[in-house]
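Let me begin by presenting the structure, written as structure tokens, before commenting on it.
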Amino acid sequence: MNKQIPAPLIAVSADALSNLETHASMDSLFMYSNAPGEPPEGSKSVKALEWLRRVNSQSNEPLDILGKLIENYMENPDYQSEYTEVMFQKVENEAYQYVQNIRKCLSRYGLEYHQGGLILDGASAPIKSLSTIIKNRDLPAINAEFDRALENLVRDPREAILAACNILEAVCKTFIEDAGLAMPAKKDLQGVWKVIKDELGFDIRQIQDEDLIRILSGLFSTVSGIGALRTHASAAHAEGRTRYNIKPRHARLAVHAAHTAAVFIIESWDEKKVNS
3 MNKQIPAPLI
13 AVSADALSNL
23 ETHASMDSLF
33 MYSNAPGEPP
43 EGSKSVKALE
53 WLRRVNSQSN
63 EPLDILGKLI
73 ENYMENPDYQ
83 SEYTEVMFQK
93 VENEAYQYVQ
103 NIRKCLSRYG
113 LEYHQGGLIL
123 DGASAPIKSL
133 STIIKNRDLP
143 AINAEFDRAL
153 ENLVRDPREA
163 ILAACNILEA
173 VCKTFIEDAG
183 LAMPAKKDLQ
193 GVWKVIKDEL
203 GFDIRQIQDE
213 DLIRILSGLF
223 STVSGIGALR
233 THASAAHAEG
243 RTRYNIKPRH
253 ARLAVHAAHT
263 AAVFIIESWD
273 EKKVNS
């Protein structure tokens, strides 16, 4: 079942839309966002409320539509400052307060807005450090897979698992290429992981701390597990006799685990470059 827009979030979003848009721009925005049906009759406030309620009742992905509706408000730099300047006078920025009301309401219901018009529940959003790391580098393939993993956590868990595996593969392959290493004959996750594991010195036999050994052993097993789960149950492979009932919580676990492993690989890579 697709997650509905909470009623209070409908109210604060409708308030923003009715105060920041004209009738014409609101109609255009709802149509751009793939909201169902024709523009409702009535004032801007009535129209926004009615259309958002219709989104909840008729759309397969209500939060996707809401994300597109508020995208400009959440990302437009002009809406992020409490004050603005008009005729050399500092005045309150009306749009800023609407944006803050939306942010507070999202947070109250465990939702988070992500760049590009994505609204995800808090548990679906992997730790943001990987997003920051990859978006500050020229890693377009990893960027694309990271976004795909986020988008499909609830909608298509198998696709999310495939993307999680692809994130790790892309990180490993990028390291191999940049370090001038020989690409393995088998370029799946297991193959490229072995190359970078050896190159970065991920050898638990050289570690003295037993607790750290346990953590790293678990991380390495996780990488193998993600690759195996992708092979056996993801959208990339046809199922045999065994059917894997992949649920959002399984996909979320895989994506979070891939995130942790990818950050560890990139930070180890950076440390190796500094020390070499």
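In my numbering, the protein residues as written are 3 to 278. Glycine included, every Cβ here is placed at the ideal spot set by N, Cα and C.
Same chain, Cβ closer than 6 Å to G2, five either side skipped, listed in chain order: Residue 2 lies beyond the range of the chain shown here (3 to 278); nothing can be said about it.
Bridge partner(s) assigned by DSSP for Q91: The count along the sequence shown starts at 1 and reaches residue 91 at position 89. According to DSSP, Q91 bridges with V88.
Nearest-angstrom Cα separation, counted from K274 out to L321: Missing from the structure shown is residue 321; the chain here goes from 3 to 278 and no further.
For I121: DSSP bridge partner residues: Taking the first residue of the sequence shown as position 1, residue 121 is located at position 119. Answer is Y115, bridged to I121.
Beta-carbon proximity check, A37 vs V14, cutoff 8 Å: Position 35 of the sequence shown holds residue 37. Position 12 of the sequence shown holds residue 14. No, Cβ-Cβ distance for A37 and V14 is not below 8 Å.
Rounded straight-line distance, which links the Cα of D158 to that of Q102: For the purposes of this step, residue 102 is taken as the residue at position 100 of the sequence shown. For the purposes of this step, residue 158 is taken as the residue at position 156 of the sequence shown. Distance between the alpha carbons of Q102 and D158 is about 31 Å.
Secondary structure of K5, DSSP reduced to three states: Taking the sequence shown and counting its residues from 1, one reaches residue 5 at position 3. Here K5 sits in coil by DSSP.
Helix, strand or coil at S83 [DSSP, three-state]: Taking the first residue of the sequence shown as position 1, residue 83 is located at position 81. The answer is coil: DSSP assigns S83 none of H, G, I, E or B.
Given N62 as reference, the closest of S35, V48, L108 and K49 once Cα atoms are compared: Residue numbering aside, residue 62 sits at position 60 when the sequence shown is read from its first letter. If we check each option's Cα against that of N62, S35 comes out closest.
Cβ pair L202, V225 closer than 8 Å: Taking the sequence shown and counting its residues from 1, the one referred to as residue 202 is at position 200. Taking the sequence shown and counting its residues from 1, the one referred to as residue 225 is at position 223. Cβ distance not < 8 Å, so L202 and V225 don't count as in contact.
Secondary structure of N58, DSSP reduced to three states: As a first step, residue 58 must be located in the sequence shown, where it is residue number 56. N58 falls in the helix class under three-state DSSP.
Contact under 8 Å by Cβ, V173 with P250: The count along the sequence shown starts at 1 and reaches residue 173 at position 171. The count along the sequence shown starts at 1 and reaches residue 250 at position 248. No. Outside cutoff.
Reference A264, options L170, G220, G182 and W271, closest by Cα: Walking along the sequence shown from the start, residue 264 turns up at place 262. Of the candidates L170, G220, G182 and W271, the one whose C-alpha sits nearest the C-alpha of A264 is L170.
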